[in-house]
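Worksheet: one structure, shown below.
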Amino acid sequence: MSSIGSVEMNTTSALEIDKKTKIGVLYGGLSSEREVSLRSGANCHAALQRLGYENAELIDVDTNVSQVLLEKQIKVVMLCLHGCPGEDGTLQGLLELLRIPYTGSGVLASALAISKPMTKQILKSFDLPYPHTVNVYPENIAGGRVVGKTLPSVPAMVKPLAEGSSVGVSKITNEADLVSCVVETVKKYKGALVETYIDGPEITIGVLEEVEGDRRSTIALPILELRPKSKAGFYDYEAKYTKGMTEFILPAELNPATTKLAQELAVRTFKALGCSGYARVDMMVSRDGQPYVLEVNTLPGMTDTSDLPAMAEEAGISYDLLVEKILFSAGLDK
17 MSSIGSVEMN TTSALEIDKK TKIGVLYGGL SSEREVSLRS GANCHAALQR LGYENAELID
77 VDTNVSQVLL EKQIKVVMLC LHGCPGEDGT LQGLLELLRI PYTGSGVLAS ALAISKPMTK
137 QILKSFDLPY PHTVNVYPEN IAGGRVVGKT LPSVPAMVKP LAEGSSVGVS KITNEADLVS
197 CVVETVKKYK GALVETYIDG PEITIGVLEE VEGDRRSTIA LPILELRPKS KAGFYDYEAK
257 YTKGMTEFIL PAELNPATTK LAQELAVRTF KALGCSGYAR VDMMVSRDGQ PYVLEVNTLP
317 GMTDTSDLPA MAEEAGISYD LLVEKILFSA GLDK
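In terms of the working numbering, the sequence shown opens at residue 17 and continues consecutively.
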């Protein structure tokens, strides 16, 4: 998607989006993260209204979304969807076919980032650090046991292969519980990723692309350290979306060298996956100060408790300005 030209040629740029542009804020959808998406979309739509984008409209995504977009003559889409479908490249591909510019990353980057195994393969090929990981598939499960795979020692994290918002994620500290958790995760999500748990601070880093004239630069926002209070012992769904369930340390209490390294790794990860516009990179930092990349969220939450808006505010970017920057990312090459 080129950043210069007319909307009809699928080439909207930031300069061509004005206060009267018909903007479709896509939210809700069919994924397990629907409730979070509804909150993100409502917040972004309210910000656009405050900014004077009078033709911004909320659209709850269903199987007839293409017909709705065409009937409403939507010229630019702001994606506020989380999980599959919506964050995995499927909707992005549809919008490419409809020639409607959209915010965030393109088809390939979205598909790679939503798949934890594929993300790890990209990290490996670009020599980016990540925890020791074992992927388990249905063919590796027999008689309630894991066969053909050597699981990491506990403590370990067990995750679905392609979900966001920590849906289906478990921290296992008892060896006896590890196999049963993996088996159940594979059964429910058609696969599981088992990760060595990194004992240290949990951090997340927002990445934004800035455009000034012909220049396009990628910046890392101030690092947010997450200290969850949930019984799960990590930044789970409850801790993410319940006020008071997580202590946010912003900026993170890391030494300058680790801070610089983590931000550099976030930008390198963003570029390695081919992301566009904005994203959030989650990491764990070991006790010796080494950051390890966990995953990349190409459509970060925009709720009242979400991480990206908090990091942007620390950098002097208000919520409304952040939304406008995201809107303008619809004009970036994907």
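C-beta atoms are modelled at their ideal positions from N, C-alpha and C, and glycine is treated no differently.
- Fewer than three beta-carbon pairs drawn from the stretch 47-54 and the stretch 122-137 are found closer than 8 Å, and the two stretches are therefore not classed as touching.
- For the pair K132 and P176, the CB atoms are nearer than the 9 Å cut-off.
- Judged by DSSP secondary structure, M327 falls within the alpha helix (DSSP H) whose first and last residues are 323-330.
- In the three-state reduction of the DSSP assignment, E103 falls in the coil class.
- For E200, the enclosing alpha helix (DSSP H) starts and ends at 191-205.
- Only exposed fits G160, as fewer than 16 other CB atoms lie within 10 angstroms of its CB.
- Going by beta carbons, Y294 and G347 fall outside the 9 Å limit.
- Within 10 angstroms of the beta-carbon of Q83 lie fewer than 16 other beta-carbons, which makes it exposed.
- Within the model, the alpha-carbon separation for A268 versus I219 is close to 8 Å.
- Rounded to the nearest whole angstrom, the CA to CA distance from S322 to V152 is 30 Å.
- Taking a 10 Å sphere around the C-beta of H98, we find 16 or more other C-beta atoms and assign the residue as buried.
- Ranked by Cα distance from E226, the first of I157, L343, K140, E311 is L343.
- Taking the Cβ atoms as the reference, I188 lies roughly 5 Å from A172, within the contact range of under 8 Å.
- Counting only the Cα atoms, K276 lies some 34 Å from P101.
- In the structure shown, the three-state DSSP call for P272 is helix.
- Judged by DSSP secondary structure, R50 falls within the alpha helix (DSSP H) whose first and last residues are 50-66.
- Inter-residue distance for K350 and N190 is about 44 Å (C-alpha atoms, whole angstroms).
- Just measuring C-alpha positions, the residue of K259, L139, Q89, D304 sitting nearest D215 is D304.
- Taking the Cα of L281 as reference, the smallest distance to any Cα among M134, L315, L242, T234 is reached at T234.
- Between P238 and E330, the C-beta spacing is below 9 Å.
- If you draw a straight line from the Cα of A63 to the Cα of T166, it is about 49 Å long.
- Annotated as distal: M261 and R55, with beta-carbon spacing of 9 Å or more.
- Annotated three-state conformation of S233 is strand, per DSSP.
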